Ligand SMILES: NC(=O)c1ccc[n+]([C@@H]2O[C@H](COP(=O)([O-])OP(=O)(O)OC[C@H]3O[C@@H](n4cnc5c(N)ncnc54)[C@H](O)[C@@H]3O)[C@@H](O)[C@H]2O)c1
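Numbering (my numbering), first residue to last: 70 to 556.
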């Protein structure tokens, strides 16, 4: 066994405290049964008529999820968990407003602050209770531990991004999901963006020809939020600043990357081979802190480690390339780039532009004008957006994509369908957190990306053009009447 394999085994031994596995549906009948490696790609469990969800982490992100989930017919937000009782109580009001029964409450501190208690007790108790799905919107370091515990206790896990921060955590998610036969899905909402889904539909229609290259990013000036006092609405315990203070490379790679992975059939016909990453120095955080808080402030003296601009280049085994950038500390407009190019065309976002060749062999030298772009948009808008886009925009969450993600997740569970994103997508995308850091700390040295499917990528089927049947969900005409949702 190589070092990586040894540490993976050691890590997994360390998770044995997680206790006995509940009786499970799907591919396992006992904790001892192990699914075939790669089997989670098209994995489905029997239909769950009423999906009982427990949401953990009710800070900035979690409350939107509680609102969305408690609005979907056939979904019950059955449990709520946070460190602080005040946050749980606030979400009880949301559940009530959306017509739900009171959820079970789990919290650590009876108020809005506190320290010193065992902070794993509340989420463990929630995962032990009667639920189908545990929905995790906590700080990054808790994502995998809660997901593993949830799966070990018979629950499916849906985890905010990035779902895993280290290779060990990526492997633990894969192996636990396979062994327990529980879904382990990363909540990558950007796969449900209007542009990203349009792109996927264009690719599936062959409009870009053979894909060659993609570029994605998370470029979002978070300096103010990073330093914002948790007591005044900042990240709980400054968790993001702490991570940036300790790490290098790209800690948040999935927003721009996963939609490209879907379009390129990564883990389903192709896979990541190796990557290299180069990062700039950290300049922006210090400059910001000096101006905002003064030279003598703790903020100005912190000098976080994570470089401002990190650029990763991935090569796939089929010889395609993907660039992934991360910059949350520079003064520049938001962008996920969303560039995809192939033998017959190219598209790019922020602002959205497209150029297609008339026929194979022709060039595509000019971006389409507004009328041509509109025509493409109307013709190739993804069916999920055509069916549920109006509803999603009313429900909100990054322009509606958050709602479409939750809707598809619950719809698939209710109808016994495979989820759109599986644990291998989770692991491959999250492996960049550690691999980019290793590479960037070593002058961009090439890093092999593990094959988390262990060969399954060769036969796994690509993600199709999937949608929802609103009638099955009990929603008849959403464009005129949203009262059929639980809102
Ligand atoms: N997909 C997206 O577009 C998107 C957007 C924003 C945030 N996120 C992700 O959502 C997650 C949460 O981010 P946020 O901005 O809401 O952070 P936050 O700090 O505002 O919220 C985290 C919450 O988790 C709670 N928590 C911490 N430890 C806990 C424990 N032991 N038990 C129970 N609850 C605990 C905190 O009290 C807090 O309420 C992060 O992973 C982030 O990356 C994703």
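Think of the CB as a built atom: it goes at the ideal place given N, C-alpha and C, for glycine as much as any other residue. What you are looking at is a predicted structure, and each value in this text was computed from that prediction instead of being measured.
Taking buried to mean at least 16 other C-beta atoms within 10 Å of its own C-beta, is residue i buried or exposed?
i           : result
residue 401 : exposed
residue 526 : buried
residue 99  : Note that residue 99 scores 38 on pLDDT, short of 50, meaning its location in the model is unreliable; the coordinates nonetheless yield the value given after this. It counts as exposed.
residue 511 : exposed
residue 229 : buried
residue 432 : exposed
residue 136 : buried
residue 360 : exposed
residue 276 : buried
residue 233 : buried
residue 490 : buried
residue 558 : Since the first residue of the chain shown is 70 and the last is 556, residue 558 is not available in this structure.
residue 145 : buried
residue 367 : exposed
residue 422 : exposed
residue 82  : At residue 82, the pLDDT of 37 sits below 50, so the modelled position is not reliable; the number obtained from the coordinates is stated separately. Residue 82 is exposed by the Cβ-count criterion.
residue 13  : The first residue shown for the chain is 70 and the last is 556, placing residue 13 beyond what the model contains.
residue 524 : exposed
residue 377 : buried
Suppose you measure from the CA of residue i to the CA of residue j; what does that come to, to the nearest Å?
i           : j           : result
residue 383 : residue 395 : 14 angstroms
residue 506 : residue 319 : 7 angstroms
residue 399 : residue 118 : 47 angstroms
residue 438 : residue 542 : 39 angstroms
residue 284 : residue 323 : 12 angstroms
residue 310 : residue 141 : 34 angstroms
residue 73  : residue 544 : Because the pLDDT at residue 73 is just 40, under 50, the model does not fix this residue reliably, and the value given afterwards should be weighed accordingly. Near 49 angstroms, if we compare the C-alpha coordinates of residue 544 and residue 73.
residue 349 : residue 287 : 15 angstroms
residue 328 : residue 178 : 38 angstroms
residue 429 : residue 162 : 57 angstroms
residue 266 : residue 184 : 43 angstroms
residue 355 : residue 215 : 34 angstroms
residue 217 : residue 424 : 44 angstroms
residue 561 : residue 253 : The requested residue 561 is not part of the displayed model; the chain covers only 70 to 556.
residue 155 : residue 180 : 5 angstroms
residue 220 : residue 175 : 19 angstroms
residue 158 : residue 353 : 38 angstroms
residue 281 : residue 199 : 47 angstroms
residue 212 : residue 519 : 21 angstroms
residue 494 : residue 364 : 43 angstroms
residue 325 : residue 379 : 13 angstroms
residue 457 : residue 441 : 24 angstroms
residue 407 : residue 516 : 24 angstroms
residue 496 : residue 412 : 29 angstroms
residue 173 : residue 330 : 37 angstroms
residue 409 : residue 171 : 46 angstroms
residue 464 : residue 453 : 15 angstroms
residue 123 : residue 528 : 34 angstroms
residue 223 : residue 270 : 35 angstroms
Per the DSSP calculation, residue i is bridged to which residue(s)?
i           : result
residue 424 : 415
residue 203 : 123, 226
residue 254 : 227
residue 384 : 343, 390
residue 144 : 120
residue 362 : According to DSSP, which records beta bridges pairwise, residue 362 is partnered with nothing at all.
residue 151 : 176
residue 282 : 390, 410
residue 331 : None, per the DSSP bridge assignment.
residue 516 : 344
residue 493 : Partner(s): none; residue 493 has no beta bridge.
residue 288 : 396, 404
residue 379 : 348, 395
Would the region 330–343 count as touching the region 296–308 if we require 3 or more Cβ pairs under 8 angstroms? no
Within the chosen definition, does the region 480–491 reach the region 288–300 through at least 3 CB pairs nearer than 8 angstroms? no
Please determine if the region 412–424 and the region 241–249 are in contact, where contact requires at least 3 C-beta pairs separated by less than 8 angstroms. By the Cβ criterion, the region 412–424 is not in contact with the region 241–249, since fewer than three pairs of Cβ atoms, one from each stretch, lie closer than 8 angstroms.
Three or more beta-carbon pairs under 8 angstroms between the region 185–192 and the region 164–171, yes or no? no
Report yes or no: do three or more beta-carbon pairs, one from the region 253–264 and one from the region 455–474, lie closer than 8 angstroms? yes
Quick check: the region 144–151 against the region 115–132, are at least 3 beta-carbon pairs closer than 8 angstroms? yes
Could you tell me whether the region 495–505 touches the region 222–240, using the rule of 3 or more Cβ pairs below 8 angstroms? With the cut-off at 8 angstroms, the region 495–505 and the region 222–240 touch.
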